[in-house]
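*Asks:* Quick note, the sequence shown lines up with residues 132 to 649 if you use the numbering used here.
Below: one structure in structure tokens.
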Amino acid sequence: MSTEPLLLPGAAGAKAAEQQQRKGRRVGVDEALSAHAGEFGRWQLRHFVLVSAAWALEALHTMVIIFADREPAMVCAAAGGAGCGDRCAGAAAGWEWADGAASSTVAEWGLVCGERYKVGLAQAVFFAGCTIGAGVFGHLSDSFLGRKGSLQVVCVLNAAFGLLTALAPNYWAYAALRLLTGFSTGSVGVLAFVLATEPIGPSRRGAAGMSTFYFFSGGIAALAGVAALFPRSWRTLYVVTSLPSLAFVAAVVPFVSESPRWYLVRRRADDAMRVVRAIAAANGRAVPDDVALKLDDEDEEGKGADGPADASSGSIVDVFRSRTTRVRLVLSVLINLLASVVYYGLSLNVVNLKTNLYVSVVANSLAEMPAYLLTALLLDRFGRKPLAIGTMLLSGVFCTAGSLIAGAGILRVVRMSCGVVGIFGMAATYNLLFIYTAELFPTVVRNAALGCTAQAAQMGAIVAPLVVVLGERVPFAVFGASGIVGGLLVFYLPETMNKPLYDTMAGLEEGEKTTLLE
Numbered sequence: 132m133s134t135e136p137l138l139l140p141g142a143a144g145a146k147a148a149e150q151q152q153r154k155g156r157r158v159g160v161d162e163a164l165s166a167h168a169g170e171f172g173r174w175q176l177r178h179f180v181l182v183s184a185a186w187a188l189e190a191l192h193t194m195v196i197i198f199a200d201r202e203p204a205m206v207c208a209a210a211g212g213a214g215c216g217d218r219c220a221g222a223a224a225g226w227e228w229a230d231g232a233a234s235s236t237v238a239e240w241g242l243v244c245g246e247r248y249k250v251g252l253a254q255a256v257f258f259a260g261c262t263i264g265a266g267v268f269g270h271l272s273d274s275f276l277g278r279k280g281s282l283q284v285v286c287v288l289n290a291a292f293g294l295l296t297a298l299a300p301n302y303w304a305y306a307a308l309r310l311l312t313g314f315s316t317g318s319v320g321v322l323a324f325v326l327a328t329e330p331i332g333p334s335r336r337g338a339a340g341m342s343t344f345y346f347f348s349g350g351i352a353a354l355a356g357v358a359a360l361f362p363r364s365w366r367t368l369y370v371v372t373s374l375p376s377l378a379f380v381a382a383v384v385p386f387v388s389e390s391p392r393w394y395l396v397r398r399r400a401d402d403a404m405r406v407v408r409a410i411a412a413a414n415g416r417a418v419p420d421d422v423a424l425k426l427d428d429e430d431e432e433g434k435g436a437d438g439p440a441d442a443s444s445g446s447i448v449d450v451f452r453s454r455t456t457r458v459r460l461v462l463s464v465l466i467n468l469l470a471s472v473v474y475y476g477l478s479l480n481v482v483n484l485k486t487n488l489y490v491s492v493v494a495n496s497l498a499e500m501p502a503y504l505l506t507a508l509l510l511d512r513f514g515r516k517p518l519a520i521g522t523m524l525l526s527g528v529f530c531t532a533g534s535l536i537a538g539a540g541i542l543r544v545v546r547m548s549c550g551v552v553g554i555f556g557m558a559a560t561y562n563l564l565f566i567y568t569a570e571l572f573p574t575v576v577r578n579a580a581l582g583c584t585a586q587a588a589q590m591g592a593i594v595a596p597l598v599v600v601l602g603e604r605v606p607f608a609v610f611g612a613s614g615i616v617g618g619l620l621v622f623y624l625p626e627t628m629n630k631p632l633y634d635t636m637a638g639l640e641e642g643e644k645t646t647l648l649e
């Protein structure tokens with residue numbers, strides 16, 4: 132016979148309430164940040180700056196080809212320039228490179244005239260590597276390797292491959308090493324973006340995400356300055372631009388925290404709470420002892436909406452299983468592809484300005500910054516969707532106008548102005564798409580989805596140089612059509628402003644159902 136005293140119904144209810152109170156309150160990461168730890172305090176600012184510095188590394192490894200593969204000026208060795216033959220014959224016809232044969236890959240391996248296609252091939256190969264690497268490391272960062280671990284691995288790899296590129300004995304070895312460098316570089320920005328923004332609260336996440344591209348533009352400007360110091364050795368330039376990645380791994384990564392959201396979806400709630408409490412402590416706040424973290428599809432008992440199934444990892448396959456995320460991914464891939472064609476296509480015009488290459492690159496990188504500032508200021512006022520539509524259509528309309536203008540006399544300046552407005556609009560779109568795409572997918576598959584859209588963007592980067600060689604007006608027409616079509620596709624995406632950043636697929640589906648019912 133039981134020795135427990137008989138409990139009246141009211142007493143039983145009181146006991147259950149007391150047990151629930153002792154268990155504490157379970158909240159999602161967003162609520163823990165906004166209500167207790169702080170959405171963007173000292174901890175998030177420091178973490179954001181440290182992680183976002185990786186964007187500058189991506190800029191160095193991506194844009195170094197502008198200077199390493201440039202075609203230097205040629206001078207005739209004969210007095211007065213007389214007696215020199217065909218420039219394509221090079222030294223055999225009496226021509227010499229003004230900065231020496233070691234100044235660029237073009238000069239060292241004679242990549243001119245009939246061999247000129249190899250310069251474009253090396254660039255296409257690099258972006259092909261980016262395409263592959265973005266998918267691979269996007270998946271690894273969502274699974275066992277994590278955001279921080281994946282970022283550390285890719286930085287070590289692109290430093291190693293960059294240093295090996297400086298030792299390339301011939302063109303084909305150089306191209307192969309550029310492929311490997313692209314494989315490790317293509318996901319740096321995505322990994323840094325996710326790791327930098329996931330610990331930030333919902334109301335500040337958009338503006339912070341918009342600010343990451345400043346680091347990329349700053350990296351391009353810094354590259355121009357470094358390249359100007361080493362104009363006579365492309366090999367030295369590769370060494371100098373690769374070493375910062377090692378410095379980042381040694382001096383920055385140890386002070387970076389793993390994402391609390393990744394910990395949570397990997398069922399490491401204690402580690403996630405440890406990070407949240409560290410954020411609160413650094414921000415001068417505190418998380419109550421009775422507060423615990425939960426995924427957005429869990430109830431107070433810690434069970435998922437569909438039972439205790441493991442939601443700790445996901446892949447691109449999981450994205451396609453859900454109609455909601457499947458449609459979002461297809462649209463995001465197309466929009467990112469079109470935006471990349473326009474952005475990289477317009478950016479390549481810097482080599483056609485016939486001005487100082489170093490000054491032109493700096494000016495181009497600085498010109499994009501007002502676009503980033505504009506999107507940051509307007510993001511939380513107008514929302515992601517209207518801003519994306521507006522900036523893509525702005526770029527598309529001005530590029531289309533540029534295709535209708537003849538390149539003669541003063542009209543050449545007018546057409547150039549259309550291109551400037553076009554790249555302004557697409558730079559704003561390109562920046563916006565990172566935060567917008569990240570908010571469209573739950574934590575469990577976020578990096579896998581971003582890796583997929585990054586692959587699409589790299590494909591656009593491969594296509595862009597092929598469009599540029601079509602002439603003066605046709606490229607503008609292609610860029611205009613791409614911008615307009617991309618802007619129209621954004622109409623079919625949902626708005627994500629002030630919406631929760633979901634952790635699991637089930638949480639996203641449930642949240643969308645609730646939104647529809649409202």
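Note that beta-carbon positions come from the ideal geometry of N, C-alpha and C, so glycine has one too.
1) Just the C-alpha distance for Leu509 and Gly337, rounded to the nearest angstrom, thanks.
2) What is the C-beta distance between Ala229 and Val206, in whole angstroms, given that I count them as a contact (C-beta under 8 Å)?
3) Taking the alpha helix (DSSP H) that Cys583 belongs to, which residues open and close that run?
4) How is Ala423 classed by DSSP in three states: helix, strand or coil?
5) In whole angstroms, what is the alpha-carbon distance linking Thr455 and Ala190?
6) Could you spell out the range, first to last residue, of the alpha helix (DSSP H) harbouring Met523?
7) Keeping to the same chain, check which residues put their C-beta closer than 6 Å to that of Thr574; ignore five residues upstream and five downstream.
8) Pop quiz: Ala585 and Gly317 are said to be a contact at Cβ under 8 Å. What is the actual Cβ separation, rounded to whole angstroms?
9) To which residues of the same chain is Thr372 closer than 8 Å at the C-beta, ignoring the five residues directly before and after it?
10) Which residues does DSSP list as the beta-bridge partners of Arg335?
11) Considering only residues of the region 602–633, which uninterrupted alpha helix (DSSP H) runs meet the minimum length of 4 residues and lie entirely inside it, listed in chain order?
12) Suppose contacts are defined by Cβ-Cβ distances below 8 Å. Is Gly216 in contact with Ala224 by that definition?
13) Give a yes or no on whether the C-beta atoms belonging to Gly521 and Phe610 are separated by under 8 Å.
14) Please work out which residues of its chain come closer than 7 Å, Cβ to Cβ, to Glu643, disregarding the five sequence neighbours upstream and downstream, and give them in chain order.
15) In terms of alpha-carbon separation, which member of Asn289, Arg247, Leu597 and Val576 lies closest to Thr185?
16) Looking at C-beta atoms only, is the number of pairs between the region 559–579 and the region 496–511 that lie closer than 8 Å three or more?
17) Can you give me the start and stop residues for the alpha helix (DSSP H) that Val256 sits inside?
18) Near Trp240, what residues of its chain come up, given a Cβ to Cβ distance below 6 Å and the 5 sequence neighbours on each side ignored?
19) Alpha carbon to alpha carbon, how far is Phe347 from Ala381? Give it in angstroms, no decimals.
20) When the Cβ atoms of the region 166–181 are set against those of the region 410–418, are three or more pairs found closer than 8 Å?
21) Restricting to Cα atoms, I'd like to know which of Phe198, Lys249 and Leu322 is closest to Ser234.
22) Per DSSP, what are the beta-bridge partners of Arg156 in this structure?
23) Quick check on Arg457: buried or exposed, where buried means 16 or more other Cβ atoms within 10 Å of its Cβ?
24) First and last residue of the alpha helix (DSSP H) that includes Cys286?
25) Considering only their Cβ atoms, is the gap separating Val237 from Arg201 smaller than 8 Å?
26) For Pro203, which option in Tyr305, Gly349, Asn487 and Phe257 has the closest C-alpha, if you only look at C-alpha atoms?
27) Under 8 Å, do Pro596 and Gly332 count as touching if we go by C-beta distance?
28) According to DSSP, Glu227 sits in a beta bridge with which residue or residues?
29) Look up Val243 in the DSSP assignment and say whether it is helix, strand or coil.
30) Buried or exposed: which applies to Asp449, given that a residue is buried once 16 or more other Cβ atoms fall within 10 Å of its Cβ?
31) Between which residues of its own chain and Leu542 is the CB-CB distance below 6 Å, once the five residues before and five after are set aside?
32) Exposed or buried, what is Leu282 when buried is set at 16 or more other beta-carbons lying within 10 Å of its beta-carbon?
33) Residue range of the alpha helix (DSSP H) that Ala411 falls in?
34) Hey, how far is the Cα of Glu162 from the Cα of Glu570?
35) If I'm right that Trp622 touches Cys530 with Cβ under 8 Å, what's the distance once you round it to whole angstroms?
36) Which of helix, strand or coil does DSSP assign to Val387?
*Replies:* So, to answer that:
1) 10 Å
2) 5 Å
3) Thr574 to Val599
4) strand
5) 34 Å
6) Arg515 to Ser534
7) Arg392, Val396 and Asp634
8) 6 Å
9) Leu191, His192, Val195, Gly293, Leu354 and Val357
10) None, per the DSSP bridge assignment.
11) 605–621
12) yes
13) no
14) Thr455
15) At residue 185 the sequence reads Ala, which differs from the Thr that was named. Of the candidates Asn289, Arg247, Leu597 and Val576, the one whose C-alpha sits nearest the C-alpha of Ala185 is Asn289.
16) yes
17) Tyr248 to Asp273
18) Tyr302
19) 20 Å
20) yes
21) Phe198
22) Val422
23) exposed
24) Gly277 to Thr296
25) yes
26) Asn487
27) no
28) Val206
29) coil
30) buried
31) Ile536
32) buried
33) Ala400 to Ala413
34) 16 Å
35) The residue you asked about is not Trp; residue 622 is Phe in the sequence shown. Not a contact, Cβ separation roughly 20 Å.
36) coil
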